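Report on the structure given below.
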Ligand SMILES: Cc1cc2nc3c(=O)[nH]c(=O)nc-3n(C[C@H](O)[C@H](O)[C@H](O)COP(=O)(O)OP(=O)(O)OC[C@H]3O[C@@H](n4cnc5c(N)ncnc54)[C@H](O)[C@@H]3O)c2cc1C
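What follows is the structure in structure tokens.
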């Protein structure tokens, strides 16, 4: 007898990183009929109160590794290995120093705008998962 769990359908309210990431992980596990309901008109819709950047570190890259998206993430981002401090003196001379804030033992972390990260996940759904995920 089929239980409700065998149907593997779900409705997710909110298509931010958590909602889209959850939908993609469930689809990869074989869930069907995943619906993501988002109130914004488009994935990369600009919201002034959410204009911050995300830092996707080794922990966050567990998701992008699982979805084979880490290379695309790197292309869209600034890596934390590339931060510089520029000191501009009153006479106009500049001194540029590479910031020694990166722990070489840890994976490179990537910084990118929220809209770019949400768009990356959303495009992955459009390209590969339209049969199981419906974003509306
Ligand atoms: C100023 C600021 C700076 C931040 N900086 C960082 C950072 O540098 N790095 C970091 O990792 N995190 C940062 N955060 C935290 C960040 O917001 C979360 O990590 C991330 O956005 C959480 O994603 P989420 O999908 O859970 O929620 P959200 O990003 O909030 O997404 C929720 C989604 O649900 C939608 N929604 C809400 N209600 C409804 C509804 N009723 N119906 C349909 N859709 C709905 C919204 O439109 C939105 O798209 C910051 C937060 C703030 C406020």
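Numbering (the working numbering), first residue to last: 118 to 253. In this text, a Cβ means the ideal position worked out from N, Cα and C, and glycines have one as well. Fair warning: this is a prediction, and the values are worked out from it, not measured in the lab.
Q.
Considering only their Cβ atoms, is the gap separating residue 225 from residue 196 smaller than 7 Å?
A. yes
Q: Can you give me the start and stop residues for the alpha helix (DSSP H) that residue 181 sits inside?
A: 178-183
Q. Mind checking whether the beta-carbon of residue 135 lies closer than 6 Å to any heavy atom of ligand 1?
A. yes
Q) Considering only the beta carbon of each residue, do residue 144 and residue 228 sit closer than 7 Å? A) no
Q | alpha helix (DSSP H) segment containing residue 223, residue limits | A | Note, residue 223: premise wrong, no alpha helix (DSSP H); not H, not E.
**Q.** Rounded distance between the beta-carbons of residue 153 and residue 250, thought under 8 Å
**A.** 7 Å
Q. Does any heavy atom of ligand 1 sit closer than 6 Å to the C-beta of residue 156?
A. yes
Q. Which of helix, strand or coil does DSSP assign to residue 126?
A. coil
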